[in-house]
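Below is one structure, written out as structure tokens; comments come after it.
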Amino acid sequence: AEVVLDVRDLRIYYRTLYGYVKAVDGVSFDIKRGEILGIAGESGCGKSTLGNGLILLKPPMKYMGGEAILDGKNIMALSPKELRKVRYEKISIIPQYAMDAMNPTKKIKQIIDDLLHEHGESFERKKDVIEERLEIVNLGKKVLNMYPIELSGGMKQRMVMVISTLMNPDVLIADEITSALDVSSQRSVIQMLYEMREKEIMGSLAFITHDLSVLYQIADKVMVLYAGRVAEISPMEDIIQEPLHPYTKMLLSSLPKIGVRYSQTKLKGIPGYPPSLLNIGPGCRFRDRCPYAFEKCEQDPPVFDVDGRKVSCWLFERGDAN
Ligand code: SF4
Ligand code: MG
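Just so we're aligned, residue 5 is where the sequence shown starts under UniProt numbering, counting upward by one.
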């Protein structure tokens, strides 16, 4: 399938008094039409910075280089005016704290109407579409006349799902939208996203979560991030059957229920935390926690291609891995 979003060597840092925090530091990946890309990793690995940075860069976030090509244009380098058009129409986000994402002083209908006007549409002209969308997320029409505060947390989140997909974006980013939910609500939100994709309401989906067991239910392909860099990008099935990067193995070892085939004993309970991303130096960022670390790991590992999978680890250097 055609590549919809092509991200190359993207760098997004935070400027602080003490230097740069390299939150997204040379990340490359693509999303194809209709594909569901899972973005996984511990908190602080750069998942949300990546998602938010692709939609709207706000200080102290700073775009430091690389590109994100959508529809032939680098969306990181658009003027504010161009960006307003691209957002919602080409790329959209259901943010991590979706429950607070709506203007509390306006009724839902007004919030929708304002957004549609910015894109040359109106509530009246889109009425049928809006009602169809409300149905998908199990909200009655009466929410349109309510203020956000009158909706429960779950209803607000589903309302944001409707709003962020109103203009049928090519790429929808969902940031930790199942994390605060119980298992059955998680399942229904995933079902709703599937239905939206079936109906081609959005083209492709980037689903961000720290929870691999959720990705197992939804993702075609997974990108595992560690400390601002790509550790591995592989089809979901391969991640489960044969994780390649030592960090992917570690993430999986905390998920016995998926039924992985490799020995879990070696990696279970690796102590430690990701490194601070402030003024971080060269070398594999996982090396302090990696049971396989060797001399070479003092240098940055490039991303190796292993049968079409991507792995950033010296163990997979062609011809040199034992
Ligand atoms: Fe471990 Fe070295 Fe691979 Fe990093 S490059 S994951 S430290 S073996
Ligand atoms: Mg986050």
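For each residue, glycine too, the CB sits at the ideal point set by N, CA and C.
Computed from a predicted structure; not experimentally measured.
- Does DSSP classify Tyr251 as helix, strand or coil? Numbered from 1 along the sequence shown, position 247 holds the residue referred to as residue 251. In the structure shown, Tyr251 sits in a helix (DSSP, three-state: H, G or I).
- Excluding five sequence neighbours on each side, which residues of the same chain lie with their C-beta closer than 7 Å to the C-beta of Val218? The sequence position of residue 218 within the sequence shown is 214, counting from 1. Taken in chain order, the residues that qualify are Thr182 and Gln190.
- With a 10 Å radius around its C-beta and 16 neighbouring C-beta atoms as the bar for buried, classify Asp311 as buried or exposed. Position 307 of the sequence shown, counted from the first residue, corresponds to residue 311. The residue in question, Asp311, is exposed, as its Cβ has fewer than 16 Cβ neighbours within 10 Å.
- Name the residue from Ile115, Cys294, Gly287 and Gly50 whose alpha carbon lies nearest to the alpha carbon of Cys301. Taking the first residue of the sequence shown as 1, we reach residue 301 at position 297. Among Ile115, Cys294, Gly287 and Gly50, the Cα nearest to that of Cys301 is on Gly287.
- Asn56 - DSSP class collapsed to helix/strand/coil: The residue given as residue 56 occupies position 52 in the sequence shown. Of the three classes helix, strand and coil, the one that applies to Asn56 here is helix, per DSSP.
- Query: Mind pulling the alpha helix (DSSP H) runs of 4 or more residues that sit fully within the region 210 to 237?
  - Reply: 216 to 222
- Query: For the 8 Å Cβ check, are there 3 or more pairs between the region 208 to 224 and the region 166 to 185?
  - Reply: yes
- Pairwise C-alpha distance: Phe308 and Leu87: In the sequence shown, the residue the question calls residue 87 occupies position 83. In the sequence shown, the residue the question calls residue 308 occupies position 304. The straight-line gap from Cα to Cα measures roughly 34 Å.
- Query: Who does Ser208 pair with in a DSSP beta bridge?
  - Reply: Sequence index remark: in the sequence shown, residue 208 carries index 204 (1-based). Val175, per the DSSP bridge assignment.
- In angstroms, rounded to a whole number, what distance separates the CA positions of Gln303 and Ala231? Numbered from 1 along the sequence shown, position 299 holds the residue referred to as residue 303. Numbered from 1 along the sequence shown, position 227 holds the residue referred to as residue 231. Approximately 15 Å between the Cα atoms of the pair.
- Measuring alpha carbon to alpha carbon, tell me which of Lys130, Pro108, Ile244 and Tyr18 ends up nearest Thr169. Numbered from its first residue, the sequence shown carries residue 169 at position 165. When each option's Cα is compared against that of Thr169, the closest is Lys130.
- Looking at Leu143 and Ile112, is the spacing between their C-beta atoms short of 7 Å? Locating residue 112 in the sequence shown gives position 108, counting from the first residue. Locating residue 143 in the sequence shown gives position 139, counting from the first residue. Contact: no.
- Query: Given that a residue counts as buried once 16 or more other Cβ atoms are within 10 Å of its Cβ, and exposed if not, what is Phe298?
  - Reply: Numbered from 1 along the sequence shown, position 294 holds the residue referred to as residue 298. Its Cβ having fewer than 16 others within 10 Å, Phe298 is exposed.
- Task: Would you tell me roughly how many angstroms separate the C-alpha atoms of Leu61 and Ser52, rounded to the nearest one?
- Result: Reading the sequence shown from its first residue, position 57 is the one you call residue 61. Reading the sequence shown from its first residue, position 48 is the one you call residue 52. Each residue's alpha carbon lies about 12 Å from the other.
- Message: On the DSSP letters alone, give me the boundaries of the alpha helix (DSSP H) that Met240 sits inside.
- Response: Mapped onto the sequence shown, residue 240 falls at position 236. Per DSSP, Met240 belongs to the alpha helix (DSSP H) from Met240 to Gln245.
- Can Leu9 and Ile35 be called in contact, C-beta distance under 7 Å? Stepping through the sequence shown from its first residue, residue 9 is reached at position 5. Stepping through the sequence shown from its first residue, residue 35 is reached at position 31. In contact: Leu9 and Ile35 (Cβ atoms closer than 7 Å).
- Excluding the 5 residues preceding and the 5 following Phe320 in the sequence, name in chain order all residues of the same chain whose CB lies nearer than 7 Å to its CB. Indexing the sequence shown from 1 puts residue 320 at position 316. Excluding residues within five positions, the ones whose Cβ falls inside 7 Å are Leu248, Phe308 and Val310.
- Between which two residues does the alpha helix (DSSP H) containing Met150 stretch? The residue labelled residue 150 in the question sits at position 146 within the sequence shown. That residue, Met150, is in no alpha helix (DSSP H); it is neither H nor E in DSSP.
- What distance in whole Å lies between the Cβ atoms of Gly69 and Asp13, which are believed to be in contact at a cut-off of 8 Å? Here residue 13 corresponds to residue number 9 of the sequence shown, with the count starting at 1. Here residue 69 corresponds to residue number 65 of the sequence shown, with the count starting at 1. About 7 Å separates the two Cβ atoms, so the contact holds.
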